[in-house]
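Chemist: Dumping the structure here so I can ask a few things about it.
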Amino acid sequence: MRMRFGSVGPAGLGLLAATGVVGLVLAGHGWAHRAGGALGSLGGRAAAANVAPPATRGPAVGPAAAPSAHAGSPGARAPGPLLASQPFAPYAFAIWPGTPSVAAKAALTGLSVNVHRLTSGLSVTAAVNGQQSGPAHFYLHGVRVYVLEAAMGDDSGSSDYNLGDDGLVVTDAQGRIIS
Amino acid sequence: MSTPRPAAAARAPRAVARSGWLTAATEIAAAWAPTAGRVLLGLVLAWFGYHELVQPALWTGYVPGFNATSTAAVILVLAHGWALLVLAVALIAGIWVRGTAAVVALLLAQIVIWLTIKAGLSDLTLRDVGVLGLSLCMTGTAEQRFVLAS
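Which chain is which? The protein sequence lines are A and B, in order. Heads up: take any position in the first sequence, counting from 1, add 13, and you land on the working numbering. Heads up: take any position in the second sequence, counting from 1, add 17, and you land on the working numbering.
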């Protein structure tokens, strides 16, 4: 088949058709797994609350108006798996305690995460820049707070173009995920 | 008429050799650079297309005018990823190269325009401008090597 910009022969058409079929199969896989990204994302739903950290998009956390308590507070659920054992561990950057590293600051691009020390523990709020902050979550002292960012390449300036690979994780002192 | 100085005479063969090496390198680059550009552009598209297909949730934030968590955004990302994958294979295999590159240029122009409107010119946007330039260059490249024969 001769076209103005080049030619497409039977082999080419066959290759494109095969590629199209492969693309459809991959799309089916993507559709089946559309609920969760690689991480417990700020933009999506958590795939499995007991394995992956739950989604914590700031303003979309839920209708709960009252602050929620975690991490060893009475009635809090048992800690989950070790953060280090999770596939997203390489993308977790510590922001508390201590001063966030350069990489952690880069991972925070587009996000507003505030950790405040209270007499009874810590208060953590998370939000997407330019949006209303979500409700504060309270934890006992000793927890560690991490920001997740799978790909720094989607950050530019103060904007994060893709929040699907961002998340927030809180662990206890032993590194077990509690939120 | 002056006789050549001995030092200049000694340099002459080296200059000729260097000229020959440069000429050969230039000819090789002229012959294969369009192919390298085409294949590398195809690899970029394939990478993005594959990841959009297998993890659409990571890309819905880029869909203009749709909520990132909406089903429509996921469908659009999957369609975009499928198109990128087919275009990538067409480029890498050398199928209808100039036409394929023109379609790629349109897709990239849409991305650049949207990102610019949304957040202004940034390093991220400028990176896409560079890829857009490569695709535009491919639309004008008639001679290609390493293409599917039929």
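From the three backbone atoms N, C-alpha and C, an ideal C-beta is built for every residue, glycine too. Note that this is a predicted model, so its numbers are computed, not measured.
Quick check on the DSSP output: the alpha helix (DSSP H) that includes D185 of chain A runs from which residue to which?
Modeler: Element bounds for D185 of chain A: n/a, residue is neither H nor E.
Chemist: What does the Cβ neighbour count give for I134 of chain B, buried or exposed, with the cut at 16 atoms within 10 Å?
Modeler: So I134 of chain B counts as exposed.
Chemist: Check the Cβ of I174 of chain B against every Cβ in chain A and list those closer than 7 Å, keeping chain order.
Modeler: The structure shown does not extend to residue 174 of chain B, since chain B is modelled only from 18 through 167, so no value can be given for it.
Chemist: Which residues does DSSP list as the beta-bridge partners of R130 of chain A?
Modeler: In the DSSP output, where bridge partners are listed per residue, R130 of chain A has A:L135.
Chemist: Per DSSP, which residues does S125 of chain A bridge with? Please list them.
Modeler: A:A140, per the DSSP bridge assignment.
Chemist: Any beta-carbon of chain B closer than 8 Å to the one on S81 of chain A?
Modeler: Note that S81 of chain A scores 47 on pLDDT, short of 50, meaning its location in the model is unreliable and no value can be drawn from it.
Chemist: Measuring CB to CB, does W99 of chain B end up less than 8 Å from A40 of chain A?
Modeler: Yes. Within cutoff.
Chemist: How close, in whole Å, do the beta carbons of A118 of chain B and V91 of chain B come, if the pair is a contact with beta carbons under 8 Å?
Modeler: With 8 Å as the limit, A118 of chain B and V91 of chain B do not qualify as a contact, their Cβ atoms being about 28 Å apart.
Chemist: Can you give me the start and stop residues for the beta strand (DSSP E) that L161 of chain A sits inside?
Modeler: 157-162 is the span of the beta strand (DSSP E), which, as asked, contains L161 of chain A.
Chemist: Do L95 of chain B and L70 of chain B have their C-beta atoms within less than 8 Å of each other?
Modeler: A contact, by the Cβ cut-off of 8 Å.
Chemist: Excluding sequence positions up to five away, which residues of its chain have a Cβ less than 6 Å from the Cβ of V35 of chain A?
Modeler: Hits under 6 Å: none found.
Chemist: Please report the straight-line C-alpha distance between W49 of chain B and E160 of chain B, rounded to a whole angstrom.
Modeler: Cα to Cα, W49 of chain B sits roughly 9 Å from E160 of chain B.
Chemist: Step through the CB atoms of chain E and report whether any lies within less than 8 Å of the CB of V182 of chain A.
Modeler: The displayed structure is made up of protein chains A and B, and chain E is not among them.
Chemist: Indicate whether at least one CB of chain B lies closer than 8 Å to the CB of H129 of chain A.
Modeler: Judged by the 8 Å Cβ criterion, H129 of chain A is not in contact with chain B.
Chemist: Could you tell me which residues DSSP pairs with H42 of chain A in its beta bridges?
Modeler: DSSP output for H42 of chain A lists no bridge partner at all.
Chemist: Have a look at A:P23, A:L124, A:P92 and flag the residue whose alpha-carbon is nearest the alpha-carbon of A139 of chain A.
Modeler: Of the candidates A:P23, A:L124, A:P92, the one whose C-alpha sits nearest the C-alpha of A139 of chain A is A:L124.
Chemist: Just tell me which of B:T40, B:N84, B:F83, B:V114 has its CA closest to the CA of L153 of chain B.
Modeler: Looking at the Cα atoms, B:V114 is the closest of the given residues.
Chemist: Which first and last residues belong to the alpha helix (DSSP H) in which I112 of chain B is found?
Modeler: Premise fails: I112 of chain B is in no alpha helix (DSSP H) and is neither H nor E.
Chemist: Counting contacts by CB-CB distance shorter than 8 Å, is L37 of chain A in contact with chain B?
Modeler: So yes, L37 of chain A belongs to the interface.
Chemist: Tell me, please, whether the CB atom of W113 of chain B is closer than 8 Å to any CB atom in chain A?
Modeler: Chain A contact via Cβ: present.
Chemist: Around the Cβ of Q127 of chain B, are there at least 16 other Cβ atoms within 10 angstroms (buried) or fewer (exposed)?
Modeler: Counting Cβ neighbours within 10 Å, Q127 of chain B comes out exposed, since fewer than 16 surround it.
Chemist: Whose C-beta lies closer than 6 Å to the C-beta of A116 of chain A among residues of the same chain, with five residues either side of it excluded?
Modeler: So the list reads F106, once near-sequence residues are dropped.
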